[in-house]
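Asks:
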Amino acid sequence: MRDKPNIVVLGTGGTIAGRGAGYANTSAYACSVLKIDEVLAVLPQGSRRANLRTEQLLQTGSENFNNDHLLLIGKRVSALLEQADVDGVILTHGTDTIEETAYFLHLTLKSVKPVVVVGAMRPPSAMSSDAPLNLYDAICVVTHPASRGRGVLVVSNDEIHTARDVTKVNSFKLEAFASPYGPLGYVVEGEPRFYRMASRDHTVLTPWSLARIDRLPKVDIVYAYGALDADTVGNVAAHAEGIVYAGTGNGNVADHIVAALREAARNGVQVVRASRTGSGVIVRNGAQPDDDYGWIVVDDQVPQKARVLLMLAMLNDPAERGALQAAFYRY
Ligand code: DAS
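Note that our numbering has the sequence shown beginning at 90, numbered continuously upward.
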C-alpha cells in the first residue's frame, strides 16, 4: 500500500506554461515557455495529495497540434497507464484544442485509471491566474477513487467535464469551457463532487487501441457560409479521405454546394454533416436526403469532435457508411 497515489504529469505547453511581461498581461504573453517542473512549482501544495512525477512530452501551443501530436500523446499516456506503479495521469495542455486531444484519448485509452487534461486561460505570471487552482483541482480529481472509469476528464474553473462534451466557448474569460448538458461535477475545496455519468461508450468500451494505430485518415472540416464556393469544397475533397461539413443551423448545405459534396461522396470521400452552431443534433434525412447522397450525419458532435471520431471510425470500416453512421450514435 503506498502512502499517496503515483501520478505522472505530462507537459505539452500552452498558457499554463506561459509567461507574461507583467502581472497585468492576462491575454498577451509568451505561450509554452515554462518547463513542466516550473509549471508545477506554482503549486507547492500539489505533492501533499500525490507522488508527482513529471515528463516534458511537448512544448508548444495546442493550436499547432496535428494528428502526429495526437498519436504521440495517446501512445505515451497509454503506455504510462499500463504501468502498475502509475495510478493516474495529468496532461497539461493548451486550452485551444484541449477538447480534441481529450476526446481522442477518451475514445482510445484502454484503462479505467483516471486521466485529467488541464490547461489555464491566464499564465501563472498573471494576476488571478487560474493555473494554480486548475492544477490543484486536476490533482484532486485524478487522485480520487470516484474518478475511475469515467473516461477522460477536463478540469477547469472548478468544473469537471467529460471529454466527450466539453468545448472551449470563450477566447479569454476564465469561464472558457462548457458542456451542452452541463459538467459532470464540481471540485469544491479540493473534493470532486460528481452529479452524473457520461452515458456514451468510451475507453475500455471502444474498439480502438493506440497500440494498433500508427496513422489517422486525413479528415478535414469545411466551415459553411453563404459565399462559400463549390470549388473550395472540391479542392478540400480532392485531398481528403473524409470531410466534416460544419453546416449552418441544423447542418444545412447551400444549394450550390450540394453537388460538390455529392461528388466527393461518389469518389469515396466520407462526408459528414454537422452544425457550426456549437450544439444541438443533426437529423438524418432531415435537411438533406442523406440516404440518397451517401452522406453521414453527426448525432450532436461539434465539427472538431466529429473529425476525431470519423478518423477513428474510418480505421475499422473506411468504406462502410452504415458502420460509420452508427459510430456517431454510439460514442
Ligand atoms: N496558445 C493556446 C494553446 O496552447 C492558448 C492556451 O493554452 O490557452 O492552446
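Note that the Cβ used here is the ideal one computed from N, Cα and C, for glycine as well. Owing to the predicted nature of the structure, the values given are computational and were not obtained by experimental measurement.
Leaving out the 5 sequence neighbours to the left and right, which residues in its chain are closer than 8 Å to Arg-237 when beta-carbon positions are compared?
Replies: On the sequence shown, residue 237 is found 148 positions in, with the first residue counted as 1. Cβ within range, chain order: Val-201, Lys-202, Pro-203.
Asks: In the DSSP assignment, find the unbroken alpha helix (DSSP H) run with Asp-320 in it and report its ends.
Replies: To locate residue 320, count along the sequence shown from 1; it is residue 231. Taken as a continuous stretch (DSSP letters only), the alpha helix (DSSP H) holding Asp-320 covers 319-327.
Asks: Please identify the residue among Gly-338, Ala-313, Val-342, Val-333 whose C-alpha is closest to the C-alpha of Phe-417.
Replies: Numbered from its first residue, the sequence shown carries residue 417 at position 328. Of the candidates Gly-338, Ala-313, Val-342, Val-333, the one whose C-alpha sits nearest the C-alpha of Phe-417 is Val-333.
Asks: Per DSSP, which residues does Arg-108 bridge with? Please list them.
Replies: Counted from its first residue, the sequence shown places residue 108 at position 19. In DSSP, Arg-108 forms a bridge with Ala-119.
Asks: Which same chain residues end up closer than 6 Å to Ala-139 when comparing Cβ atoms and leaving out the 5 residues on each side of it in sequence?
Replies: Position 50 of the sequence shown, counting from 1, holds the residue named residue 139. Within the same chain, Ala-139 has close Cβ partners Lys-93, Pro-94, Ile-96, Ile-228, Thr-232.
Asks: Flag Ser-260 as yes when its Cβ comes closer than 7 Å to any non-hydrogen atom of the ligand DAS, and as no otherwise.
Replies: The residue you call residue 260 lines up with position 171 of the sequence shown. The answer is no for Ser-260.
Asks: Just how far apart, CA to CA, sit Asp-185 and Ala-106?
Replies: Taking the sequence shown and counting its residues from 1, the one referred to as residue 185 is at position 96. Taking the sequence shown and counting its residues from 1, the one referred to as residue 106 is at position 17. Between Asp-185 and Ala-106, the C-alpha separation is close to 14 Å.
Asks: Note the first and the last residue of the continuous beta strand (DSSP E) segment covering Ala-363.
Replies: Residue 363 sits at position 274 when you count from the first residue of the sequence shown. Note, Ala-363: beta strand (DSSP E), 359-364.
Asks: With 16 other CB atoms within 10 Å as the buried threshold, where does Arg-396 fall?
Replies: Locating residue 396 in the sequence shown gives position 307, counting from the first residue. Per the 10 Å Cβ criterion, buried.
Asks: Does Phe-154 come out as helix, strand or coil in the three-state DSSP assignment?
Replies: The residue labelled residue 154 in the question sits at position 65 within the sequence shown. DSSP places Phe-154 in coil when its eight states are reduced to three.
Asks: Comparing alpha-carbon positions, which option in Val-387, Met-403, His-158, Thr-181 lies nearest Leu-123?
Replies: The count along the sequence shown starts at 1 and reaches residue 123 at position 34. Closest option to Leu-123, Cα to Cα, is Thr-181.
Asks: Please report how far the alpha carbon of Asn-66 lies from the alpha carbon of Thr-337, in whole angstroms.
Replies: Shown here, the chain extends from 90 to 420; a query on residue 66 therefore has no answer.
Asks: Any chance the CB of Glu-264 is under 7 Å from a heavy atom of the ligand DAS?
Replies: Position 175 of the sequence shown, counted from the start, is the residue given in the question as residue 264. Because no heavy atom of the ligand DAS lies under 7 Å away, the Cβ of Glu-264 does not count as near it: no.
Asks: Cβ of Lys-394 within 8 Å of Cβ of Tyr-270?
Replies: Numbered from 1 along the sequence shown, position 305 holds the residue referred to as residue 394. Numbered from 1 along the sequence shown, position 181 holds the residue referred to as residue 270. It is not a contact, given that the beta carbons lie outside the stated cut-off.
Asks: Which residues in the same chain as Arg-285 place their Cβ atom closer than 7 Å to its Cβ, once the five residues preceding and following it in sequence are excluded?
Replies: By 1-based counting over the sequence shown, the position of residue 285 is 196. Closer than 7 Å at Cβ, skipping near neighbours: Leu-273.
Asks: Determine which residues share a DSSP beta bridge with Pro-281 and list them.
Replies: Translated into positions along the sequence shown, residue 281 becomes position 192. DSSP lists Val-276 as partners of Pro-281.
Asks: Quick one: does the C-beta of Gly-100 sit closer than 7 Å to a heavy atom of the ligand DAS?
Replies: Taking the sequence shown and counting its residues from 1, the one referred to as residue 100 is at position 11. No, the beta carbon of Gly-100 sits no closer than 7 Å to any heavy atom of the ligand DAS.
Asks: Just to confirm the assignment: which complete alpha helix (DSSP H) runs, minimum length 4, are found wholly within the stretch 213-297?
Replies: 220-231
Asks: Go ahead and pull the three-state DSSP assignment for Val-386.
Replies: For the purposes of this step, residue 386 is identified with residue 297 of the sequence shown, where counting begins at 1. DSSP places Val-386 in strand when its eight states are reduced to three.
Asks: Sort Asn-156, Ser-167, Ala-267, Asp-379 by Cα distance to Gly-367 and report the nearest one.
Replies: Position 278 of the sequence shown, counted from the start, is the residue given in the question as residue 367. Of the candidates Asn-156, Ser-167, Ala-267, Asp-379, the one whose C-alpha sits nearest the C-alpha of Gly-367 is Ala-267.
Asks: If you drop the 5 nearest sequence neighbours on each side, which residues of the same chain put their C-beta closer than 7 Å to that of Arg-351?
Replies: Stepping through the sequence shown from its first residue, residue 351 is reached at position 262. So the list reads Tyr-382, once near-sequence residues are dropped.
Asks: Could you tell me which of Ala-252, Ser-218, Tyr-275, Gly-240 sits nearest to Phe-261, measuring between CA atoms?
Replies: By one-based count along the sequence shown, residue 261 stands at place 172. Selected option, being the one with the closest Cα: Ser-218.
Asks: Buried or exposed, going by whether 16 or more other CB atoms sit within 10 Å of the CB of Tyr-314?
Replies: To locate residue 314, count along the sequence shown from 1; it is residue 225. Label assigned to Tyr-314: exposed.
Asks: Starting from Asn-481 and walking both ways along the alpha helix (DSSP H), at which residues does that stretch end?
Replies: As shown, the chain starts at 90 and ends at 420. That puts residue 481 outside it, with no answer to give.
Asks: Can you grab the Cα-Cα spacing for the pair Ala-327 / Val-342, in whole Å?
Replies: Counting from 1 along the sequence shown, the entry for residue 327 is found at position 238. Counting from 1 along the sequence shown, the entry for residue 342 is found at position 253. Taking the CA atoms as reference points, Ala-327 sits about 19 Å from Val-342.
Asks: Taking Leu-141 as the reference, which of Val-370, Pro-407, Val-175 has the closest Cα?
Replies: Working through the sequence shown from its first residue, we reach residue 141 at position 52. It is Val-175 whose Cα lies nearest to the Cα of Leu-141.
Asks: Between the beta-carbon of Val-197 and the beta-carbon of Ser-298, is there less than 8 Å?
Replies: Indexing the sequence shown from 1 puts residue 197 at position 108. Indexing the sequence shown from 1 puts residue 298 at position 209. What sits at residue 197 in the sequence shown is Thr, not Val. Closer than 8 Å, so yes.
Asks: So, using beta-carbon positions, are Val-205 and Val-166 closer together than 8 Å?
Replies: Within the sequence shown, numbered from 1, the residue matching residue 205 stands at position 116. Within the sequence shown, numbered from 1, the residue matching residue 166 stands at position 77. No.
Asks: Using CA coordinates, which residue listed in Arg-362, Pro-378, Gly-150, Val-358 is at the minimum distance from Gly-102?
Replies: Residue 102 sits at position 13 when you count from the first residue of the sequence shown. Of the candidates Arg-362, Pro-378, Gly-150, Val-358, the one whose C-alpha sits nearest the C-alpha of Gly-102 is Gly-150.
Asks: For the candidate residues Ala-402, Ala-408, Ala-354, Asn-339, whose alpha-carbon lies nearest to that of Val-391?
Replies: If you number the sequence shown from 1, residue 391 lands on position 302. The shortest Cα separation from Val-391 among Ala-402, Ala-408, Ala-354, Asn-339 belongs to Asn-339.
Asks: Smallest Cα separation from Pro-183: which of Met-400, Val-386, Ala-319, Ile-125?
Replies: On the sequence shown, residue 183 is found 94 positions in, with the first residue counted as 1. A quick correction: the sequence has Gly, not Pro, at residue 183. Nearest of Met-400, Val-386, Ala-319, Ile-125 to Gly-183, Cα basis: Ile-125.
Asks: What does a CB cutoff of less than 6 Å around Leu-305 pick up in its chain, not counting 5 residues either side in sequence?
Replies: In the sequence shown, residue 305 corresponds to position 216, counting from 1. Result list for Leu-305: Asn-156, Met-400, in chain order.
Asks: Could you have a look at Val-128 and say whether DSSP puts it in helix, strand or coil?
Replies: Position 39 of the sequence shown, counting from 1, holds the residue named residue 128. The answer is helix: DSSP assigns Val-128 an H, G or I state.
Asks: Quick one, which of Gly-411, Val-386, Pro-407, Glu-248 has its alpha-carbon nearest Arg-282's?
Replies: Taking the sequence shown and counting its residues from 1, the one referred to as residue 282 is at position 193. Nearest of Gly-411, Val-386, Pro-407, Glu-248 to Arg-282, Cα basis: Glu-248.
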